Amino acid sequence: MAETLSRPQNPREWLALVLVWGAAGLVTAVFCWLLGDIVWHGLSHVSWTFLTAPPENAGRRGGIGPILVSTSLILGVCLSVSLPIGIGTAVLLAEFTSNHSLFGRMTRRSLDVLAGVPSIVFGLFGNAFFCKTLGLGFSILSGGLTLACMVLPILIRSTEEGFRAVPTSYRLSAAALGLSRTTTLVHLLLPAAVPGLLVGLVLGVGRAIAETAALIFTSGYVDRMPESLLDSGRALSIHIFDLSMNVSGGDANAYASALVLVIMLLAINGTVSWLAIYGLHRKIVAA
Amino acid sequence: MTPVEPITGSRLRHSLEDRPTGGAPQPFVEVDRLSLYYEGKPAFQDVTLSINKGCMTALVGPSGCGKTSFLTCLNRLTDLIAGCRVSGRITIDALAVLAPDTDVIQLRRRIGMIFQKPNPFPLTIRRNLEFPLREHGIRDRGQITQTMETTLRDVGLWDEVKNRLDSPALALSGGQQQRLCIARALALLPEVLLMDEPCSALDPLSGGVVEDLIVSLRGRYTVLIVTHNLAQARRIADHAALFWVQNGAGRLIEAGTAKQIFEEPRDPLTAAYVSGMRG
């Protein structure tokens, strides 16, 4: 059996094999090339000083200290707004709204459309609404809130899927034991739905931390250390964009910043996966 | 007589003649012209049935004749199903079950339910029993531990799990999981137990153990058990009720003592069903 699988007999099977391996190889190669390029050019510039020092000479020299702080603050604002709203909406959609009701269908359709809207549109909306209408100006708060709007559709839909993946038998047996819906939700459904939530979180954070277009119009360009959420702050992705497009001689630091961004992303994904496997195990025990 | 049922045979089981026939009937659950519709389509219609306190009543009949739906009306699990409408009247110990102001939480505490597929929560064995108790206001640790041991002994699981109460309930075998579910229901001290084919998803051996357990509950609880297994109904039930699909909806064809249903059925359908000619 293994013989026939490893050695296709006729030419069509050979062709299929080559195409499949070729496609997989191409994707992997592009990723490796990208990562390799960033590591090759960036690694020598990354140091503790680079991570903590403020940028000098428009970022050609110095580090990315204030930029890391701004990025984290923007991400923090984004998550602290989007997580509660996202989980709440997902609970409403999955547990308290029928699949066929008009409200449920309209909400899901809107979210799916929103998830596909280009980020620059979110940026313009954020600029008009948060910066101008609400008067928050170019600030970390405006940027974080705009990112929250962008991340919400992804977060809600995947958390909702998480809730839907919980077997109906949990709900029925809980109800048959006279447990209230709130208790069932908090103690049984929520822990069981966490994997879906975490998937949404990884996708959402990935989208948020790599965002450039939406932030240019909302959190701004300023690379000083922010003193409050109402200060403008430059996100890492904007810093990379600026160094590589607008600042001649900024390539080395752009590479180093990109490397830091990639490491941050990997670290966040790793932490979330770890949470999913070990953190949950204490709360909810599956066989 | 004795060596016939090596697995499921039990000293607790007595012959059809010996079982309580409800000589001085004490109706505990009374169902009056109950009908249930899913999206306007009837699942069963006009079921009138009275169930005596402490009796074991088997609901038998072919698939899709509304037996399970009937059970879910009694503890109002039907409330959870969108597009489901129930009409008629159910009284359990003078409580109007279907009245809108009935406290369903308290109702469900008094009526335990066991499902076809064992469905322990994905928690530890201990938490499975402790969690519902706590939610019903029992917070005293000593009392919880006591109840846990008593109910686990009741279902014959104590010796098997006493050293691993903190391991996942889902790691237990199917039969053990089902007995844990029964223990979980018993811990809340229900008066009525609804069982929806509790043995049918288990292998014959575990099924036999669970059946023995159900028989041991006789007299202590008012039990309604849905079963496809006629031999099982004949082995364990005091009373039996036959459901059948007529004109696209489930109907109650005949109800009576197990002896009467299995040995002197009045309705020709019942006679054909219990003799194995139909169904």
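As given, the protein sequences belong to chains A and B, one line each in that order. Position 231 of the first sequence, counted from 1, bears residue number 230 in numbering that gives the first Met the number 0, the numbering being contiguous throughout. Position 173 of the second sequence, counted from 1, bears residue number 172 in numbering that gives the first Met the number 0, the numbering being contiguous throughout. Every residue gets a Cβ at the ideal spot worked out from N, C-alpha and C, and that includes glycine. Only a predicted model underlies this, so the values are computations on that prediction, with no experimental measurement involved.
Query                                                                                                                            : Result
CB contact below 7 Å: residue 267 of chain B versus chain A                                                                      : no
Alpha-carbon spacing of residue 265 of chain A relative to residue 109 of chain A, whole angstroms                               : 31 Å
Per DSSP, cross-strand counterpart(s) of residue 178 of chain B                                                                  : DSSP lists no partner for residue 178 of chain B.
Spatial neighbours of residue 38 of chain A in its chain, beta-carbon cut-off 8 Å, leaving aside the 5 residues before and after : 258
Cβ neighbours of residue 146 of chain B in the same chain (closer than 6 Å, five flanking residues each side left out)           : 186
Which listed residue (B:161, B:239, B:225) has its alpha carbon closest to that of residue 192 of chain B                        : B:225
Members of the stretch 171–194 of chain A near chain B, C-beta cut-off 7 Å                                                       : 171, 172, 174, 175, 176, 177, 178, 179, 182, 186, 187, 191
Run of the beta strand (DSSP E) containing residue 225 of chain B, from where it starts to where it stops                        : 221–225
Residue 103 of chain A beta carbon less than 7 Å from that of residue 154 of chain A                                             : no
Whether residue 66 of chain A touches residue 238 of chain A by CB criterion (7 Å)                                               : yes
Beta carbon proximity, residue 134 of chain B to chain A, threshold 7 Å                                                          : yes
Which of helix, strand or coil DSSP assigns to residue 135 of chain B                                                            : coil
Rounded separation between residue 203 of chain B and residue 26 of chain A - CA only                                            : 52 Å
Residue 148 of chain A (DSSP reduced to helix, strand or coil)                                                                   : helix
Distance CB(residue 182 of chain B)-CB(residue 149 of chain B) smaller than 7 Å                                                  : no
First through last residue of the alpha helix (DSSP H) which encompasses residue 40 of chain A                                   : 10–41
CB contact check: residue 81 of chain B to chain D, cutoff 7 Å                                                                   : Although the question refers to chain D, the structure presented lacks it and instead comprises the protein chains A and B.
Listed by chain order, chain B residues near residue 97 of chain A by CB distance under 7 Å                                      : 81
Proximal residues, the stretch 88–104 of chain B versus chain A, C-beta separation under 7 Å                                     : 104
Neighbour-count burial assignment, residue 274 of chain B, 16 or more Cβ in a 10 Å radius                                        : exposed
Buried or exposed by the 16-neighbour rule on C-beta atoms within 10 Å, applied to residue 201 of chain A                        : buried
Chain-ordered chain B contacts of residue 277 of chain A [CB-CB under 8 Å]                                                       : Within chain B, no residue comes near residue 277 of chain A; the closest Cβ sits about 15 Å away, beyond 8 Å.
Where the alpha helix (DSSP H) through residue 238 of chain A begins and ends                                                    : 235–244
First through last residue of the beta strand (DSSP E) which encompasses residue 40 of chain B                                   : 40–51
Sub-7 Å separation of residue 240 of chain B and residue 70 of chain B beta-carbons                                              : no
Cβ-based burial, residue 142 of chain B [other Cβ within 10 Å; buried from 16]                                                   : exposed
Min CB distance residue 168 of chain A to chain B below 7 Å                                                                      : yes
Length of the line joining the Cα atoms of residue 155 of chain B and residue 195 of chain B                                     : 20 Å
Cβ-based burial, residue 165 of chain A [other Cβ within 10 Å; buried from 16]                                                   : buried
Residue(s) in a DSSP beta bridge with residue 224 of chain A                                                                     : None; residue 224 of chain A has no bridge partner.
8 Å Cβ shell around residue 34 of chain A - same chain, five flanking residues per side excluded                                 : 261
Interface residues of chain A facing residue 279 of chain B [CB-CB closer than 8 Å]                                              : This structure leaves residue 279 of chain B out entirely; chain B is present only between 0 and 278.
Chain A contact residues for residue 112 of chain B, given Cβ-Cβ distances below 7 Å                                             : 175
Pairwise C-alpha distance: residue 170 of chain B and residue 147 of chain A                                                     : 40 Å
Three CB pairs or more closer than 8 Å across the stretch 81–94 of chain A and the stretch 159–179 of chain A                    : yes
For residue 260 of chain A: DSSP bridge partner residues                                                                         : According to DSSP, which records beta bridges pairwise, residue 260 of chain A is partnered with nothing at all.
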